[in-house]
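Q: A single structure is presented below for examination.
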Amino acid sequence: MIVGKIISIFDVKVEVILEDFNIAIGNILSTEDEKYKFEVVSINNTSAMCISLGSNYGLKKGSSLKLFSKHIEIEYSDKINGRMFDSFGDLIDGKKLESDEKRETSVPAVELNAINVESEMMPTGIKVIDFFAPIEKGFKMGLLGGAGVGKTVLIKELIHNVYTSSKSHAVFVGAGERSREGIELYKEMEEAKLLDNMSLVFGVMGDTPAGRYKSINTGLTLAEYYRDEKKEDTLLFIDNIYRFIQAKAEISSEMKELLIENGYPSNLGSEISKVEERINSNKNGSITSFQAIYIPADDLSDEAVQSVMSYMDGQIVLDRHQAELGLYPAIDVFKSTSKLIDADKIGKRHYDLVEKTLQTLSRYNDLEEIISVLGIEELSDNDKQVFYRARKLRNYFSQPLFVSETFTNIPGEFVNIKDVLDDVEGILTGKFDNIDESKFLYIGAYEKRYK
Amino acid sequence: MNEEIEKRVDNVNSKIKKGENVYSAGHVINVENFIVEASGLDDVSFYESVNIANKAKGYVFGIYYNKVVIAITSKTDDIKVGDGVLAEGHEFRCSFSLDAIGKVIDIFGNDLIAGKKFDKLINVKLINKPIPIMDRSPVNREFLTGITGIDMLYPIGKGQRQLIIGDKKTGKTQIALDIITNQKDKNVVCMYIALGKNKKEVKEIYYELAKRGASSYTIIVAAFNDDLPTNIYLTPYIAMSVAENLMIQGYDVVAIIDDLKKHASVYREISLASKKAPGRDAYPSDIFYAHARLLECGAQHKNGGSLTVLPITETKNADITDYISTNIISICDGQIVLSAKNFNQGQKPAINYGLSVSRIGGAAQSDDVKKVGAKVRQKLLSYLDVREVYELSNEDEMPEVVQNQLHEGEKILSALNQYKFSPKSKKEMLDSFKFIDEGAK
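As given, the protein sequences belong to chains P and R, one line each in that order. Residue numbering for the first sequence follows our numbering, starting at 1157 and increasing by one per position. Residue numbering for the second sequence follows our numbering, starting at 437 and increasing by one per position.
See below:
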């Protein structure tokens, strides 16, 4: 049935003169040949504004549109296991699927009374995370970093360590990231026979703004299936949540909405809250999420970055200077933390060691400035000791990762937090003072290894 | 042939009988520098090709209920209000010729050195569908540049997107030219895409490549700084579209885009001229997308062909964290950072080894190179870090471990030094690092 005709066309927006007013916001319209599809975003008494799901290239003015579906839907059954979808719920892995049941991708968030906050610790085997920003089930972990400092590597290591060691189902959402990484993840999971418990949704960076924007909601629907229907604890990996806001900014700009600083949409906060409030644990099960957050222009105070960060229970901030020194994972220890850094939760020993480590590294930064002007000989013996211990700590927190084996040529290691605490204590108390700092570079546990 | 024409005539006649529009026509109502608005054109399509009174050509990039916005791509005479506008009934397309190897060309099928159009032209679409994820393969074949600092430490694989970034006069274009000349007899098609460069620069590059025997496999696609902004904006998309087609046919292609900062500012000019809301640094909100869809053409195709893309970006004051640079870094699979400080100190190529990254890394290296490369990189970065700490110290007072490390570091740096147009083979590279293993014994 024809609902209207297109009268204006831009890159991601079309306006439709309506003949039939029985349409609602969120409806999907298409041309008669179904080559072009649109989502209705606003309606008035003559026309509807729509965003294009695909490219408008070649679309003719005056084309008739029909109602294609009520909303974007995705499979909501066990058939999602091991499959790869695009943002609109269509399969893109080249295999067929006979649909059992579909469900709308845009649904309300979890209510307050349904939210579950009880939890248990979840080791990741990555030294910096377990030590500075430990995680528990149901956590939201933000991995923040500018361009090219190692967010994706860390996400992949977490998939390797957390997903492969658990029996949980996992959902991977690739929002606005590289297609190359998409195919590599898919092939790696397939080869490791780990694909069956994972579902993937991709709206890659070459996709239209709508494609990148919708990928998050579509992916969340799959995570909700595992949580609510299978009653399981689910893992959710999002790379990269910032691209979702960026895509929304592109759409808002095209819709001629009034924008706030740096061209972000004025409803930035509510857009993010609608997504983040869906990622919650309830009586059925938990969703533990790892969300990479891109920092545009290395500007941590960016409005979108700050908004997303406020929902995180823990954060790892990656730092370009550490990366420059070749120390991966390149984290900024002063900005990386989690809600669990509390003596009641992780125990007094762990807490004290974190405090002491931060003090030592903070002093190290001061001393580095002094050295660059005066040279190392001018330091007092006490400061020299702090300086060398801090360098050992800094080196110790680098780690050979499983997913970067091909790059470092060093086998990856899963490190137990107990060993990390012992080693850090050893370095801080001077037990290893006579050992060269290079011995601490790219290792797992130190004492356990050399004992 | 005649049959086809007759068929078309019949087609048009039957449309006229039915009272349908045969073609879409209108009139110019507003003229700006490179943007024209027209009334009429009632059933035009988005990105349709448009002819304005045989004086100018362009494409439709905005359709309102009462007017159409046209971007002009070429112009031979002044456009006036009231000029007739004809929509040509097909999408906007550019031209390419397979005879373009060894030539300097534009996107309209002209041989710029000879100053004439090619005889055999093929149409190139402006927008292709993105290459689906399942049509790609992991990047794992080595692409040798002949530059030790790249092949050993931050390797490039076929199908990788590796950014070359640095200030003015740090040797960015030189690295690109070195890479092109190293592809001789390697069955790789090279494409050098010059955006907004001046004509003299491009001609010099043309002669430099010809002199070194690179003409037989290199195409130079150029849009000069005095061309229309739309032309500069479109050039990389058209060139990449050609390169992508070659990849799908099974060729290994490398495309160098020099440079994307210029492209970003041209795109900003067009966007602001068409009254789009400015975002960060006044760039339009979709500047990331504009570059992402361009660079996502780079791939290792499942059928064996590959398109390696080496975009170049210019920075100011060695700041690689500005908006456009970080955008492009976040799209690419790594970056070669060039530093003015290193350049002035005589280090050639002036690579900043700390800030350079390859996300493909050892996956695209042969085992022997990977083993040595990983070791050299780790030692070099430790050396650069330690060198800073002991910069002001007296060498005699240093611990012996540190002294050895500093000596070894200097040796590594000098082994990485390489003059322009002097590519090394893998064996030569490995030989120059023999001292690494000897030192360990």
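We put the CB at the ideal spot given by N, CA and C, even for glycine. All values reported here derive from a predicted model rather than from experimental measurement.
Less than 9 Å separating the beta-carbons of residue 1492 (chain P) and residue 1462 (chain P)?
A: The answer is no: Cβ separation not under 9 Å.
Q: For residue 672 (chain R), decide whether its Cβ has a neighbour in chain P, counting only Cβ atoms nearer than 9 Å.
A: Not one chain P Cβ lies under 9 Å of residue 672 (chain R).
Q: Return yes when at least one heavy atom of the ligand HEM lies under 8 Å from the C-beta of residue 757 (chain R), else no.
A: Looking for the ligand HEM in the displayed structure turns up nothing, as the structure carries no ligands at all.
Q: State buried or exposed for residue 594 (chain R), treating a residue as buried only when at least 16 other CB atoms are found within 10 Å of its CB.
A: It is buried - the Cβ of residue 594 (chain R) has at least 16 other Cβ atoms within 10 Å.
Q: Nearest chain R C-beta to residue 1163 (chain P) closer than 9 Å, yes or no?
A: Interface residue, yes.
Q: State the start and end residues of the unbroken alpha helix (DSSP H) segment that holds residue 1240 (chain P).
A: Premise fails: residue 1240 (chain P) lies in the beta strand (DSSP E), 1240 to 1242, not in any alpha helix (DSSP H).
Q: In whole angstroms, what is the alpha-carbon distance linking residue 1216 (chain P) and residue 482 (chain R)?
A: One C-alpha to the other measures close to 6 Å.
Q: Quick one: using the 10 Å Cβ neighbour count with 16 as the cut-off for buried, is residue 1505 (chain P) buried or exposed?
A: It is exposed - the Cβ of residue 1505 (chain P) has fewer than 16 other Cβ atoms within 10 Å.
Q: Report the residue from P:1237, P:1325 and P:1190 whose alpha carbon sits nearest the alpha carbon of residue 1389 (chain P).
A: Residue P:1325 is the option with its Cα nearest to residue 1389 (chain P).
Q: Taking a Cβ distance cut-off of 7 Å, strictly less, list which residues of the region 480 to 499 of chain R are near chain P, in chain order.
A: So the close ones are 480, 481, 482, 483, 498 and 499.
Q: Spatial neighbours of residue 522 (chain R) within its chain, please: C-beta separation below 6 Å, excluding the five flanking residues on both sides.
A: So the list reads 461 and 487, once near-sequence residues are dropped.
Q: Using a Cβ-Cβ cut-off of less than 8 Å, list which residues of the region 1236 to 1269 of chain P approach chain R; keep chain order.
A: Here the close residues are 1240, 1248, 1249 and 1250.
Q: Quick one: is residue 721 (chain R) near chain P, going by C-beta distance under 9 Å?
A: With 9 Å as the cut-off, residue 721 (chain R) counts as an interface residue toward chain P.
Q: Between residue 1362 (chain P) and chain R, is the shortest Cβ-Cβ distance under 9 Å, so that the two count as touching?
A: Yes, its Cβ sits closer than 9 Å to a Cβ of chain R.
Q: When DSSP labels each residue in this structure, what does residue 844 (chain R) get in the three-state scheme?
A: Note: residue 844 (chain R) maps to helix in three-state DSSP.
Q: Pick from P:1171, P:1596, P:1398 and P:1284: whose alpha carbon is nearest that of residue 1365 (chain P)?
A: The option with the nearest alpha carbon to residue 1365 (chain P) is P:1398.
Q: Ordered along the chain, which non-local residues of its own chain (more than five positions away) have a Cβ less than 6 Å from that of residue 1218 (chain P)?
A: Closer than 6 Å at the Cβ level, and outside the excluded window around residue 1218 (chain P), lie 1161.
Q: How would you list, in chain order, the residues of chain P whose beta-carbon sits under 7 Å from the beta-carbon of residue 819 (chain R)?
A: Result: empty, since nearest Cβ-Cβ is about 10 Å, beyond 7 Å.
Q: Relative to the C-alpha of residue 1359 (chain P), which residue among P:1240, P:1441, P:1317 and P:1351 is closest?
A: Minimum Cα distance to residue 1359 (chain P) is reached at P:1240.
Q: Where do the N-terminal and C-terminal ends of the alpha helix (DSSP H) with residue 725 (chain R) fall, by residue?
A: Here the alpha helix (DSSP H) through residue 725 (chain R) covers 723 to 731.
Q: If we require 3 or more residues per run, which beta strand (DSSP E) segments fall completely within the region 1375 to 1461 of chain P?
A: You should have 1390 to 1395 and 1443 to 1450.
Q: For residue 560 (chain R) and residue 533 (chain R), which I take to be in contact (beta-carbon distance under 8 Å), what is that distance rounded to the nearest angstrom?
A: Not quite, the Cβ-Cβ distance comes to about 10 Å (not below 8 Å), so this is no contact.
Q: Measuring CA to CA, which of R:815, R:568 and R:806 is closest to residue 1148 (chain P)?
A: The structure shown does not extend to residue 1148 (chain P), since chain P is modelled only from 1157 to 1607, so the question has no answer here.
Q: What residues from the region 567 to 590 of chain R come within 8 Å of chain P, judged by C-beta to C-beta, listed N to C?
A: Cβ contacts with chain P: 567, 568, 569, 570, 572, 573, 574 and 575.
Q: In the DSSP output, what is residue 1326 (chain P) paired with across the bridge?
A: The partner list for residue 1326 (chain P) (beta bridge, DSSP) reads P:1354 and P:1391.
Q: Report the residue ranges of all beta strand (DSSP E) runs contained in full by the region 1282 to 1318 of chain P; include only those spanning at least 3 residues, in chain order.
A: If we require 3 residues or more, the beta strand (DSSP E) runs fully inside the region 1282 to 1318 of chain P come out as 1296 to 1301.
Q: If you reduce the DSSP assignment to three classes, tell me which class residue 437 (chain R) lands in.
A: Per-residue confidence for residue 437 (chain R) stands at a pLDDT of 49, beneath the threshold of 50, marking its modelled position as unreliable; the derived number appears in the next sentence. Reduced to three states, the DSSP call for residue 437 (chain R) is coil.
Q: Please report the residue range of the alpha helix (DSSP H) in which residue 763 (chain R) lies.
A: Unbroken alpha helix (DSSP H) run through residue 763 (chain R): 759 to 767.
Q: Go ahead and pull the three-state DSSP assignment for residue 1546 (chain P).
A: Of the three classes helix, strand and coil, the one that applies to residue 1546 (chain P) here is helix, per DSSP.
Q: With DSSP as the reference, identify every bridge partner of residue 720 (chain R), one or two as the case may be.
A: Bridge partners of residue 720 (chain R): R:714.
Q: State the Cα-Cα distance for the pair residue 1559 (chain P) and residue 591 (chain R), rounded to the nearest angstrom.
A: Roughly 17 Å separates the two Cα atoms.
Q: Closest Cβ-Cβ distance between residue 1552 (chain P) and chain R: below 9 Å?
A: Chain R contact via Cβ: absent.
Q: Which two residues bound the contiguous alpha helix (DSSP H) that contains residue 1508 (chain P)?
A: Here the alpha helix (DSSP H) through residue 1508 (chain P) covers 1504 to 1530.
Q: My assumption, with CB atoms under 8 Å, is that residue 1401 (chain P) sits in contact with residue 1460 (chain P). Please give the rounded CB distance.
A: The pair is a contact, with the Cβ atoms about 4 Å apart (cut-off 8 Å).
Q: Rounded to whole angstroms, what's the CA-CA distance from residue 1467 (chain P) to residue 1431 (chain P)? Just pull it up for me.
A: One C-alpha to the other measures close to 10 Å.
Q: For residue 1444 (chain P) and residue 1489 (chain P), what's the separation of their Cα atoms in angstroms?
A: Approximately 22 Å between the Cα atoms of the pair.
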